[in-house]
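Below you'll find the structure, written out as structure tokens, and then a few comments.
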Amino acid sequence: VVLFSHSDDFTPVCTSEIIEFSKAAKEFQNRNTQLLGLSADSNPSHLAWIYAIKMSSDISVPFPIISDKMGDIYKMVKNMV
Numbered sequence: 038v039v040l041f042s043h044s045d046d047f048t049p050v051c052t053s054e055i056i057e058f059s060k061a062a063k064e065f066q067n068r069n070t071q072l073l074g075l076s077a078d079s080n081p082s083h084l085a086w087i088y089a090i091k092m093s094s095d096i097s098v099p100f101p102i103i104s105d106k107m108g109d110i111y112k113m114v115k116n117m118v
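Numbering (this note's numbering), first residue to last: 38 to 118.
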């Protein structure tokens, strides 16, 4: 698993990062690796953002983006490093 985070949905830099991860997702899959996004935004925001990406670029996001509004996952991962 490659767990990566982005700061905010709908921002230009985060959108370009998600698009590039989406383009590379097949290569990760070929290496038996699952992509998993993490953000403090809500799940409804993620769904709207993924839809907006599809409508504007015709790119589907093939991996989950999970909400960590309280920062619990971030804190757990930070303590592991």
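Glycine included, each C-beta is placed from N, C-alpha and C at the ideal position.
Assuming residue i is part of the alpha helix (DSSP H), what are its boundary residues?
i	result
serine 82	80–94
serine 97	No alpha helix (DSSP H) holds serine 97; DSSP gives it neither H nor E.
phenylalanine 58	49–67
Please report the residue range of the beta strand (DSSP E) in which residue i lies.
i	result
phenylalanine 41	39–42
serine 76	72–76
Confirm, please, whether the CB-CB distance from residue j to residue i is below 7 Å.
i	j	result
alanine 62	phenylalanine 100	yes
lysine 91	serine 97	yes
histidine 43	serine 76	yes
leucine 73	valine 38	yes
Just mark residue i as buried or exposed, buried being the case when its beta carbon has 16 or more other beta carbons within 10 Å.
i	result
isoleucine 103	exposed
aspartate 46	buried
glycine 108	exposed
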